[in-house]
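Heads up, the thing below is written out as structure tokens.
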Amino acid sequence: MEAISKVKVERISSSDLVKLSYEIDDPGICQQTLKIYIDVCTKKYKDLKENGSDTVVKYFEAQLSESEKKLKAIEQKLLKFNQDNNIINYYEQSKAVAIVKEDMDVAYKKGMAQLAGSEASAQRLEQKLAIQELIQQKNNAIVDSKKELGELNYKIGMYAAKSSNNETSKQHLENLKKQAKALQKEIKTNVDELYTFQNSTDGVPIKKVLPDWVDKTVESEDLKAKLSVMNQQNKAIEKQFATYAPAGANLKRIEREINVAEQEYLEILHGLNLAKLKFQDAQLSSNLTAVDPPFYPLKPMPSKRKIIIIAIVFITGIIILATILFMEFFDDTLKNEQKASEKLQIPSMGMLPKLFRAKPHLDLVKMQDRLMDFVMQNFHQNFKAQNNTKTPKIITVFSTRDNEGKSVITANIAKRLKASGYSVLVLNHSNEDKSKTSVSKSPWLYKFLGYQDPRIDYNHPFLSQTTAGLSASEYYVYNKSIAYRDVKNYDELSFEVSEKTTKTQIIF
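Residue 0 is where the sequence shown starts when you use numbering that gives the first Met the number 0, and the numbers rise one by one after that.
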């Protein structure tokens, strides 16, 4: 990732071309890094284009499936609505019902008008037929009047035949003639009325009115039957109208839902087609190609690498030197004999190092013996400078901390003095051997880093047992008082040594 992050990307002018450059020490790594970078970019670009388009296609396919289910559900709802209301084609059926109703209304009104006319004609004919009784009465009256007129004429003839001149007879004859004349007039009137009764106002004979009345009566009954049937049909049509009226509104609502769902389906289908086209276009256009593949660089680019390296080495040297000087100036450790004498204000007899495990080519035994020779020379010089008396000399070895090697150094000094012909006596507070433990559990890490092996070399002759080389009369052990273990201050001690001081003495 660090190498790829150093690849520089630069657009060439305003074109769609991109220039990639990479700088590194190895020319092969430079070329292969650019190749890998181009391959990864091409693959990622193709995946990005195809995955984005494929996600859109899947989205539209899911939406199309949901829209199709919704459209089918609404269409099924329309089918059930048509089945429940017995509708095949609502608009044609409603139009046909409206036309039939209009025709039925016209026919019904026309039938009602015809019925009214027929009933009026029948009533008129019935009125004409009611005169027949009057005609019969008139005929009887005319016959009676003729019979009476005949009798009067007979009486007139009889009185005239008798030709009596008396006033009574004449008067009686005149009365008869008046009666006869009145009867004649009555008969004439009855005959005129009879003629009037026997002929209608239209000049139609009464005999012809009866068939017409029968026809009109039959026609009226026929019209009544037709109108009754038409009335039932009108009720059925009105019932169908009552069904079709709300059905139209519900049908419109369902059709609007279907139209909206259909438009939604078509829009999603259109979007799906566009997404598929874009996906195909992305597949065709997602193949990035390198116009100029990365080449193997033959000549390195001029750089300031050498100057930078020299500057780094110079600065590093200055930092190291400054660090050493700083540590040397502020270091309070006793690194050598001279510095120890200056720090402690005490003359130094010598210095002995810790005995680590050394490499095979180093002879630490001789080095340690040589250092002990220097220490013993200082001892002898120091004793010679003092008053040379035959009294025993006491050498006290002490330290401010435990396990500093007092017993080991005391035993080695005693052995050297004995070897020089002196009689020695070592007084030690304890003869317990210290546990020989290793300082480090991972010496290989110190070796790997180039440091000294930190483990103590217990096989070194200098670290041999303290009683080795000394007789029982030359080594004496005394026990420390337990009371000194619990002392808490300087006043509790009976000798001029700090509370943590342990000591070993050599008397010679």
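We put the CB at the ideal spot given by N, CA and C, even for glycine.
In this text, all values refer to a predicted model and were calculated from it rather than measured experimentally.
Quiz item: So what does DSSP say about Arg454, is it helix, strand or coil?
Solution: In the displayed model, Arg454 falls within coil according to three-state DSSP, outside both helix and strand.
Quiz prompt | For Ile87 and Gly110, the rounded distance between their alpha carbons | solution = For the pair Gly110 and Ile87, the Cα-to-Cα distance works out to about 32 angstroms.
Quiz prompt | 3-residue-minimum beta strand (DSSP E) runs that sit fully inside the segment 67-127, ordered along the chain | solution = Counting whole runs of 3 or more residues, the segment 67-127 contains no beta strand (DSSP E) stretch at all.
Quiz item: Cα-Cα, which of Ile412, Asn85, Asn427 is closest to Gly420?
Solution: When only C-alpha atoms are compared, the closest one is Ile412.
Quiz item: Going by DSSP, which residues form a beta bridge with Glu9?
Solution: Beta-bridge pairing links Glu9 to Lys18.
Exercise. Grab the span of the beta strand (DSSP E) containing Val563 for me, first residue to last.
Key: With the chain covering only 0 through 507, there is no way to say anything about residue 563.
Self-check item: Simplified DSSP assignment, three categories, for Thr395
Solution: Strand, per DSSP.
Self-check item: Sheet register partners of Phe382 (DSSP bridge)
Solution: Partner(s): none; Phe382 has no beta bridge.
Exercise. Pick helix, strand or coil for Val476, following the three-state DSSP scheme.
Key: In this structure, DSSP gives Val476 an extended state, which the three-state scheme calls strand.
Exercise. Can you say whether Thr501 is buried or exposed, counting buried as having 16 or more other CB atoms within 10 angstroms of its CB?
Key: For Thr501, the predicted structure reports a pLDDT of 46, less than 50, and the residue's modelled location is therefore unreliable. The matter cannot be settled from this model.
Quiz item: Between Ala106 and Lys79, what straight-line distance do the alpha-carbon atoms span, to the nearest angstrom?
Solution: Counting only the Cα atoms, Lys79 lies some 36 angstroms from Ala106.
Quiz item: To the nearest angstrom, how far is it from the Cα of Ile306 to the Cα of Tyr44?
Solution: Between Ile306 and Tyr44, the alpha-carbon positions lie close to 41 angstroms from each other.
Self-check item: 7 angstroms Cβ shell around Ile345 - same chain, five flanking residues per side excluded
Solution: There are no such residues.
Quiz item: Going by C-alpha distance, which of Lys34, Leu151, Asp24 is nearest Ala289?
Solution: Of the listed residues, the one whose Cα sits closest to Ala289 is Lys34.
Quiz item: Buried or exposed: which applies to Tyr295, given that a residue is buried once 16 or more other Cβ atoms fall within 10 Å of its Cβ?
Solution: It counts as exposed.
Quiz prompt | Phe355 in three-state terms, based on DSSP | solution = When secondary structure is reduced to three states using DSSP, Phe355 falls in the strand class.
Quiz item: From Lys353 to Asn335, what does the alpha carbon distance come to, in whole angstroms?
Solution: So the alpha carbons of these two residues sit roughly 14 angstroms apart.
Exercise. In angstroms with no decimal places, state the Cα-to-Cα distance between Ser4 and Lys277.
Key: Near 32 angstroms, if we compare the C-alpha coordinates of Lys277 and Ser4.
Quiz item: Taking the C-alpha atoms as reference points, what is the distance between Ile253 and Val228?
Solution: Rounded to whole angstroms, Ile253 to Val228 spans 37 angstroms at the Cα level.
Quiz item: DSSP on Gly149, reduced to helix/strand/coil?
Solution: DSSP places Gly149 within a helical segment (H, G or I) once states are collapsed to three.
Quiz item: Under 8 angstroms between the Cβ atoms of Phe378 and Met348?
Solution: Yes. Within cutoff.
Quiz item: If you draw a straight line from the C-alpha of Leu175 to the C-alpha of Thr216, how long is it?
Solution: C-alpha separation (whole angstroms): 51 angstroms.
Quiz prompt | Any 3 or more C-beta pairs closer than 8 angstroms across the segment 263-276 and the segment 55-71 | solution = With the rule of 3 Cβ pairs closer than 8 angstroms, the segment 263-276 counts as touching the segment 55-71.
Practice problem: Identify the continuous alpha helix (DSSP H) that holds Asn402 and give its terminal residues. | Solution: Segment: none, Asn402 is in no alpha helix (DSSP H) and carries neither H nor E.
Quiz prompt | Rounded C-alpha distance that separates Gly316 from Thr322 | solution = Cα to Cα, Gly316 sits roughly 10 angstroms from Thr322.
Quiz prompt | Ile308 classed as buried or exposed, judged by whether at least 16 other C-beta atoms fall within 10 angstroms | solution = An exposed status is given to Ile308, since fewer than 16 other beta-carbon atoms sit within 10 Å of its beta-carbon.
Quiz item: Cβ atoms of Lys146 and Glu192: under 8 angstroms apart, would you say?
Solution: Between Glu192 and Lys146, the C-beta gap is not smaller than 8 angstroms, which leaves the two residues out of contact.
Quiz item: Can you name the start and end residues of the alpha helix (DSSP H) that Thr315 belongs to?
Solution: Following the DSSP letters along the chain, one finds Thr315 inside the alpha helix (DSSP H) bounded by residues 304-329.
Quiz item: How many whole angstroms separate the CB atoms of Ile73 and Glu263, which I take to be in contact at a CB cut-off of 8 angstroms?
Solution: Their Cβ separation, rounded to whole angstroms, is 11 angstroms, which puts Ile73 and Glu263 out of contact at 8 angstroms.
Quiz item: What three-state label does DSSP hand Tyr421 in the structure shown?
Solution: Tyr421: coil per DSSP, three-state reduction.
Practice problem: State whether the segment 228-239 contacts the segment 87-106, with contact taken as three or more CB pairs (one from each stretch) at a distance under 8 angstroms. | Solution: By the Cβ test, the segment 228-239 is in contact with the segment 87-106, since at least three Cβ pairs between them sit closer than 8 angstroms.
Quiz item: For Ile141, does the count of other Cβ atoms within 10 angstroms reach 16, so buried, or fall short, so exposed?
Solution: Residue burial is scored here from C-beta neighbours: Ile141 has at least 16 other C-beta atoms within 10 angstroms and is therefore classed as buried.
Quiz prompt | Span separating the alpha-carbon of Gly202 from that of Lys184 | solution = In this prediction, Gly202 scores a pLDDT of 43, lower than 50, which makes its location untrustworthy; no coordinate-derived value is stated.
Self-check item: Nearest-angstrom Cα separation, counted from Ala95 out to Tyr89
Solution: Each residue's alpha carbon lies about 10 angstroms from the other.
Practice problem: Take Thr462 and list the residues in its own chain whose beta-carbon comes closer than 8 angstroms to its own, dropping the five residues that flank it on each side. | Solution: The sequence given here places Leu at residue 462; Thr does not occur at that position. Counting only residues of its own chain and dropping the five nearest sequence neighbours on each side, Leu462 has a CB closer than 8 angstroms to the CB of Leu354, Val407, Ile455, Asp456.
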